[in-house]
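Asker:
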Amino acid sequence: LKSQTPSHLSTALSFFFTTRFHGDSRNRRSIENVFMYRALTQGYQVERNYANSYPVFWNRHTQSKQVQAEFRLKVRLNPRWGAANTALVRWLPAVYEDGEGEPKGWNPERLHHGFQLPPVIYKLLLRLDDDYSQLLVDWGQYIDHDITFTPQSISKSAFWTDTDCYQTCDNVHPCFPIKTDDSLCMPFHRSTADCYVSPGSDVQHALQRQQLNAITSYIDASLVYGHTPKLESFLRDLSGLSGKLAVNDQFKDAKGRPYLPFVAKTPSACRTFQQEDGIDCFSAGDSRVNEGLPLISLHTLWLREHNRIAEALKLINDHWSPEMIYQETRQIIGALHQIITMRDYVPKIIGPESFERFVGPYTGYDTLVDPSASNVFATAAFRFGHATISPVLHRLNQSFQEHEQFPHLRLYKTFFSPWRIVKEGGIEPIIRGMIGIAAPAASANKLLVEEVTEMLAVLDTLQHMDLASLNLQRGRDHGLPGYNEWREFCGLARIDTLEDLKVVLQDGRVAEKILNMYKHLDNIDVWLGGLVENYLPDARTGPLFACLIGKQMKALRDGDRFWWEADGVFKQEQKDELLKGSLSRVICDNTDIQEVPFDSFRFGKFPSEYVSCSSIPSINLEAWREEKSKGESMKILLFLWFFHDFLH
5 LKSQTPSHLS TALSFFFTTR FHGDSRNRRS IENVFMYRAL TQGYQVERNY ANSYPVFWNR
65 HTQSKQVQAE FRLKVRLNPR WGAANTALVR WLPAVYEDGE GEPKGWNPER LHHGFQLPPV
125 IYKLLLRLDD DYSQLLVDWG QYIDHDITFT PQSISKSAFW TDTDCYQTCD NVHPCFPIKT
185 DDSLCMPFHR STADCYVSPG SDVQHALQRQ QLNAITSYID ASLVYGHTPK LESFLRDLSG
245 LSGKLAVNDQ FKDAKGRPYL PFVAKTPSAC RTFQQEDGID CFSAGDSRVN EGLPLISLHT
305 LWLREHNRIA EALKLINDHW SPEMIYQETR QIIGALHQII TMRDYVPKII GPESFERFVG
365 PYTGYDTLVD PSASNVFATA AFRFGHATIS PVLHRLNQSF QEHEQFPHLR LYKTFFSPWR
425 IVKEGGIEPI IRGMIGIAAP AASANKLLVE EVTEMLAVLD TLQHMDLASL NLQRGRDHGL
485 PGYNEWREFC GLARIDTLED LKVVLQDGRV AEKILNMYKH LDNIDVWLGG LVENYLPDAR
545 TGPLFACLIG KQMKALRDGD RFWWEADGVF KQEQKDELLK GSLSRVICDN TDIQEVPFDS
605 FRFGKFPSEY VSCSSIPSIN LEAWREEKSK GESMKILLFL WFFHDFLH
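First residue of the sequence shown: 5, per the working numbering; consecutive thereafter.
(1) Hey, leucine 548 and leucine 505 are a contact pair by Cβ (cut 8 Å); roughly how many whole angstroms apart?
(2) Can you tell me whether DSSP reads lysine 256 as helix, strand or coil?
(3) Can you name, in chain order, every residue of its own chain whose Cβ lies under 6 Å from the Cβ of arginine 194, other than the five neighbours on each side?
(4) Could you spell out the range, first to last residue, of the beta strand (DSSP E) harbouring leucine 216?
(5) So what's alanine 273 in DSSP terms, helix, strand or just coil?
(6) For threonine 383 versus arginine 478, is the C-beta distance shorter than 8 Å?
(7) From alanine 88 to isoleucine 393, what distance separates their C-alpha atoms?
(8) Tell me whether lysine 632 sits in a helix, a strand or coil according to DSSP, three-state version.
(9) Whole angstroms are fine: how far does the CA of proline 395 sit from the CA of alanine 443?
(10) What residue does the alpha helix (DSSP H) around valine 363 start on, and which one ends it?
(11) What is the rounded straight-line gap between the Cα of glutamine 335 and the Cα of arginine 275?
(12) According to DSSP, glutamate 406 sits in a beta bridge with which residue or residues?
(13) Give me the residue from Thr152, Gln598, Ala627 and Phe410 with the minimum Cα distance to leucine 216.
(14) Using a Cβ-Cβ cutoff of less than 7 Å, which residues in the same chain neighbour asparagine 475 once the five nearest sequence positions on both sides are dropped?
(15) Run the CB neighbour count on alanine 98, radius 10 Å, all protein chains shown included, and call it buried at 16 or more, exposed below.
(16) Compute the Euclidean distance between the alpha carbons of threonine 66 and proline 191, then round it to the nearest angstrom.
(17) Identify every run of the alpha helix (DSSP H) within the region 516-568, keeping only runs that are complete inside it and at least 4 residues long; order them along the chain.
(18) Which of helix, strand or coil does DSSP assign to cysteine 592?
(19) Pair every Cβ in the region 230-249 with every Cβ in the region 306-319, then say whether three or more of these pairs are closer than 8 Å.
(20) When the Cα atoms are used, what is the spatial distance from methionine 521 to phenylalanine 255?
(21) Considering Cα atoms alone, identify which of Ser272, Tyr146 and Glu236 is closest to leucine 299.
(22) Mind checking whether the beta-carbon of serine 618 lies closer than 7 Å to any heavy atom of the ligand GTP?
(23) Classify aspartate 102: buried if its beta carbon has 16 or more other beta carbons within 10 angstroms, exposed otherwise.
(24) Quick check: the region 354-370 against the region 592-610, are at least 3 beta-carbon pairs closer than 8 Å?
(25) Do the CB positions of phenylalanine 420 and alanine 273 come within less than 8 Å of each other?
(26) Taking a contact to mean a Cβ-Cβ separation below 8 Å, would you say serine 221 touches glycine 338 in this structure?
(27) Along the chain, where does the alpha helix (DSSP H) containing serine 157 start, and where does it finish?
(28) Looking only at its own chain, which residues have a Cβ that is under 7 Å from the Cβ of serine 633, when we skip the five neighbours before and after it?
Here it is, written out as structure tokens:
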């Protein structure tokens, strides 16, 4: 491949797997032999290019010879760990109907533990969560975009028959449509395939279908800055000496605050939706920024925060180069993403007891820990929040009531609609709705009540799509083992009887409903099984998802040489200041909102449970002050001398 972008890899790998599925046994063996050699030798190329797949911090404290040596050693020994365009790691082997790549349910007549699998159509009910705000849900989606991106096949038709995936109910690669009760189906495209495993694996395992993570797995704010040098360069303001990010050159909010820049190629897909003003899509470090208004708002916050910090650092260290300002600011923004996620978000999701058990206190960088994103985390566990997506986006005024001019919106009207930010009051009404509305929570009898469906806007079609069905189908597409196998992986007791299931769910009716659908307890899909478990104390997940999320977060932290707490990354006084950072402070510094909850993830009633922004601690950037060295002073004197001589 001349290019290893996700789209090029998607095309190449899709053709490879399609050829394998349709070729005769002799041809398949030839293909396997050739591809096995390529798969087991491509590590060299990955090692050569690995530096481009991990954001490089230019901080003088991280660039000691010892740190550089440690990083080079890890790259050489484990070049694929955490890198972009590599397979999601497997904590358990994949389970496919044919042992290679056909997902469970591909052959409708196939029996699983003596029974046919049920269709992936389920009913969900939402209720309000009195403890946490909508922002907790939105941050989960946002930070997930910093960890995983599994692209779907870019083809909209079957490779072998040219069948349109939007017009067929047949399973033909890459089409894997979701069957509904009325003999119709919803379109579904399989994820892009990958098949790399470590050298020494047998051919069958090496050629088993894996899925691609197109981005680096590290929590490093690369969704703000981009995952490729080309995108990073596009997102930077390279015209000045400020080290800032580029901003929109056409629109600002009412107070002159910047918006995200538009995409480079216009007109963009966002113009295909009904709007009067023809506003293009925004551009950010992650291509999914325009999927919803909360995502756009969070991306806008961090754009403004970067530029605010860069401007302050320029005043404190006027001798720093633009590159130094940019890299120092980026490192601070990355640290804030890590702190907000690990300190403020994860303990609320998995509970303090599970956090202590699976994550625990930080003890330093561990060279033996693989920080890659796991398939079960990306495809099941961290999708727990999909069951709590509200069908309404709330927009609130300064009194935290429904905005008179810009009222609430049905969720499907917010997809790919950046024009609503530009033309309908900026990000403030949306952010007030994120912190001022209680988060939805999954109901205890979620499988027994009315179905919650969302209008998912696909760029070339509009379909009513059930998010639960999409998640279950994606799990089968990725070959995820069942619920019971993952419980064993986490050291939890197997569910062998209906009574066992009733105890775990603490709801007999739901347990009976699930067994009636699946017929056999080993057939239960992991996403559904983990979702219906009763919450742990002070958590928003049950035991299984708490385990899987906790294990992943520990790996992301301990396997990251540039984690903000790691030796040599920040000075101690800088670490002390970073701990003062919070999402509430970022909101205060970059919007017109002047009263917030002290912890913006916790739901509080306005105004009694809100505080003034003056009460929210701020990071003192004086901890980053550096005196000019004698060498730097001499360079300045030499420059002034030559400049003076040139003028005269």
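Think of the CB as a built atom: it goes at the ideal place given N, C-alpha and C, for glycine as much as any other residue.
Answerer: With the structure as the only source:
(1) Not quite, the Cβ-Cβ distance comes to about 13 Å (not below 8 Å), so this is no contact.
(2) Under the three-state reduction of DSSP, lysine 256 is assigned to strand.
(3) Ser157, Pro178, Phe180 and Asp481, listed in sequence order.
(4) That run of the beta strand (DSSP E) goes 214-217.
(5) The answer is helix: DSSP assigns alanine 273 an H, G or I state.
(6) Cβ atoms of threonine 383 and arginine 478: closer than 8 Å.
(7) Roughly 28 Å between the two C-alpha positions.
(8) Lysine 632: coil per DSSP, three-state reduction.
(9) If you take the alpha carbons of alanine 443 and proline 395, they lie about 12 Å apart.
(10) For valine 363, there is no enclosing alpha helix (DSSP H), as DSSP gives it neither H nor E.
(11) Approximately 35 Å, taken between the alpha carbons.
(12) Leu400, per the DSSP bridge assignment.
(13) It is Thr152 whose Cα lies nearest to the Cα of leucine 216.
(14) Shown here for asparagine 475: same chain residues with a beta carbon closer than 7 Å to its own, the five before and five after excluded, namely Arg387, His390 and Trp531 in chain order.
(15) By the neighbour-count rule (16 or more Cβ atoms within 10 Å), alanine 98 is buried.
(16) Confidence at threonine 66 is low in this model, with a pLDDT of 47, below 50, so the placement of that residue is unreliable and no value is reported for it.
(17) You should have 530-536 and 547-562.
(18) Of the three classes helix, strand and coil, the one that applies to cysteine 592 here is helix, per DSSP.
(19) Here the region 230-249 makes contact with the region 306-319; the two share three or more CB pairs at distances below 8 Å.
(20) C-alpha separation (whole angstroms): 52 Å.
(21) The option with the nearest alpha carbon to leucine 299 is Tyr146.
(22) No copy of the ligand GTP occurs in the structure displayed, which carries no ligand at all.
(23) With fewer than 16 other Cβ atoms within 10 Å, it is exposed.
(24) Remark: fewer than three beta-carbon pairs, one from each stretch, lie closer than 8 Å, so the region 592-610 and the region 354-370 are not flagged as touching.
(25) A Cβ-Cβ contact shorter than 8 Å links phenylalanine 420 with alanine 273.
(26) Taking C-beta atoms as the reference points, serine 221 and glycine 338 fail to come closer than 8 Å.
(27) Counting along the chain, serine 157 sits inside no alpha helix (DSSP H), nor does DSSP assign it H or E at all.
(28) If we look at serine 633 and ignore the five residues flanking it on each side, it has no Cβ neighbours.
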